[in-house]
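The opening residue of the sequence shown carries number 44 in the working numbering; numbering runs sequentially from there. Here a beta-carbon is modelled for each residue, glycine too, at the ideal position from N, C-alpha and C. These numbers come from a predicted model, not from an experiment. Reviewing the structure listed below.
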Amino acid sequence: MDCWSPLTMDDEFEKLVIRMNPPRVTVDNASNRKATLIKVDSANKRGSLLEVVQVLTDLNLLITRAYISSDGEWFMDVFHVTDQHGNKLSEDDVAERIKQSLGPRGPSFRSLRRSVDVQGAAENTTIELTGRDRPGLLSEIFAVLADLKCNVVASEIWTHNSRMASVVYITDEATGLPIDDPDRLTKIKQLLLCILMGDRDKRSANTAVSVGFTHKERRLHQMMYADRDYDVDDADCSSASERNRFVTVENCVDKGYTVVNLRCPDRPKLIFDTVCTLTDMQYVVNHAIIIAEGPEACQEYFIRHVDGSPITSEAERQRLINCLEAAIRRRTSEGVRLELCSEDRVGLLSDVTRIFRENGLSVTRAEVTTRGSQAVNVFFVTDSSGHPVKSETIEAVRKEIGLTILNVNDDAYSKSPPQERGLLSLGNIFRSKSEKFLYHLGLIKSNS
44 MDCWSPLTMD
54 DEFEKLVIRM
64 NPPRVTVDNA
74 SNRKATLIKV
84 DSANKRGSLL
94 EVVQVLTDLN
104 LLITRAYISS
114 DGEWFMDVFH
124 VTDQHGNKLS
134 EDDVAERIKQ
144 SLGPRGPSFR
154 SLRRSVDVQG
164 AAENTTIELT
174 GRDRPGLLSE
184 IFAVLADLKC
194 NVVASEIWTH
204 NSRMASVVYI
214 TDEATGLPID
224 DPDRLTKIKQ
234 LLLCILMGDR
244 DKRSANTAVS
254 VGFTHKERRL
264 HQMMYADRDY
274 DVDDADCSSA
284 SERNRFVTVE
294 NCVDKGYTVV
304 NLRCPDRPKL
314 IFDTVCTLTD
324 MQYVVNHAII
334 IAEGPEACQE
344 YFIRHVDGSP
354 ITSEAERQRL
364 INCLEAAIRR
374 RTSEGVRLEL
384 CSEDRVGLLS
394 DVTRIFRENG
404 LSVTRAEVTT
414 RGSQAVNVFF
424 VTDSSGHPVK
434 SETIEAVRKE
444 IGLTILNVND
454 DAYSKSPPQE
464 RGLLSLGNIF
474 RSKSEKFLYH
484 LGLIKSNS
């Protein structure tokens, strides 16, 4: 007789309930003049709210209002959404996407937590990095990957509270295929760990490699939460007080809930960021009201622990505040926004970030994508001390990379008129300090 574990039985029961009560998703374009209403009714399971919000976020939809209720065995949500331009939706595939996410074959909350290889085809090798942030770190990482004949297909980098987290998708430079050789993957991990530990990180740096696809932003939240980027230095009380102005947490004693109120400047994906954090901290959102129709977002969550109890200690209340504050600020972009669009080639990121470093720029956030043969990258930069960059420095960087390749998207900086197309001169590229350091250690070979 087979012996099932309680977890296996719970999973199978959950699948049975979903099959007997498939999710119902309706898209209503008639009830509201300004927004499309998406109504979701489904059997309740842990992580349902996050899965729906993740689908809406991945479709680049803006949630202007939301009414959420998931007490008991049923999950009922209404979302008011628009496209990026504030228009109602014209496509109707959003309903099917949400149904798939909530169905028995959808990416469940449990699988999302247990593995970095949670969805998508194995077209890339995924590298996850966490460590202490410092000027020039990104340049060193991309230089090592280029030296190891790795092509960066896509990447996203976040920095917060002196910590850095990154998800990087790579392929083999020669074949364009995922890298799955164990010895080569071990070498990649060792060299990147050496870079991350370069200045004696007081917390442990970490690298992880898998073949497959992971949801970048979901993993970045998990990685930074695991790296405790929300920790507040006790010596910096004034900074802690400043950070806590967005979130309040109180108990609703008569109903047995903890009530979380959040007010802050609105931005895309704010709801996704806060729901990710509540889910990772093992809280269940029983009810919520979200309004984001102006410059300020208001979110109110009625939450409990997974076991049904509210928050009972001041220490836990403060920790939740700190974690939600961190989730809000991780994606808040400090610095000048630089947009790079050019023909993609191996080593492009290594060259661009080297030029940033040589001109004293520090990357606070980055989004790297490849669309066909084009590299479309966004960098947010400050000076090495975290202060605004002088306009003459920005223009010097643009001239070196190419005035039509690198553009400034920031009102504080005037944009120079297009001039002749600049190109990165490979003949003038010299080895960075990190490459020299690794070469002298015998960890990489000279190209000469």
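Under the three-state reduction of DSSP, ILE238 is assigned to helix. If you keep only unbroken beta strand (DSSP E) runs of at least 3 residues inside the stretch 112-138, you get 117-125. With fewer than 16 other beta carbons inside 10 angstroms of its own, ASP223 counts as exposed.
If you draw a 10 Å sphere on the C-beta of GLU116, you find fewer than 16 other C-beta atoms in it, and that means exposed. Leaving aside the five residues that flank VAL395 on each side, the residues in its chain whose CB is nearer than 7 Å to its CB run, in chain order, LEU383, ILE444. Among the bridge pairs identified by DSSP, PHE315 is matched with none.
The Cβ atoms of VAL303 and ILE346 lie closer than 9 Å to each other. Inclusion of ARG380 and ASN452 in the CB contact set at 9 Å is warranted, their separation being smaller than that value.
If you draw a 10 Å sphere on the C-beta of ALA78, you find 16 or more other C-beta atoms in it, and that means buried. In this chain, ARG400 is not harboured by any beta strand (DSSP E); it is covered by the alpha helix (DSSP H) spanning 391-401. Secondary structure of ALA358 (DSSP, three-state): helix.
Rounded to the nearest whole angstrom, the CA to CA distance from MET119 to THR257 is 28 Å. Cβ neighbours of ASP323 within its own chain (closer than 7 Å, five residues either side excluded): HIS264, GLN265, TYR268. The Cβ atoms of ILE314 and VAL96 lie closer than 9 Å to each other. Under a 10 Å Cβ-count criterion, HIS128 is classified as exposed, with fewer than 16 other Cβ atoms of the shown protein chains found around its own Cβ.
Judged by DSSP secondary structure, GLN265 falls within the alpha helix (DSSP H) whose first and last residues are 259-269.
Distance check between VAL349 and each of GLN325, PRO338, GLN417, THR202 places GLN325 closest, using alpha-carbon atoms only.
Residue state for ALA186 is assigned as helix, using DSSP reduced to three classes. Residue environment analysis places ASP71 among the exposed positions, since fewer than 16 neighbouring C-beta atoms fall within 10 angstroms of its C-beta.
With a cutoff of 9 Å on beta-carbon distance, THR169 and LEU239 are scored as not near each other. Take the alpha-carbon of LEU191 and the one of ILE231: they are about 8 Å apart. Following the DSSP letters along the chain, one finds SER209 inside the beta strand (DSSP E) bounded by residues 206-215.
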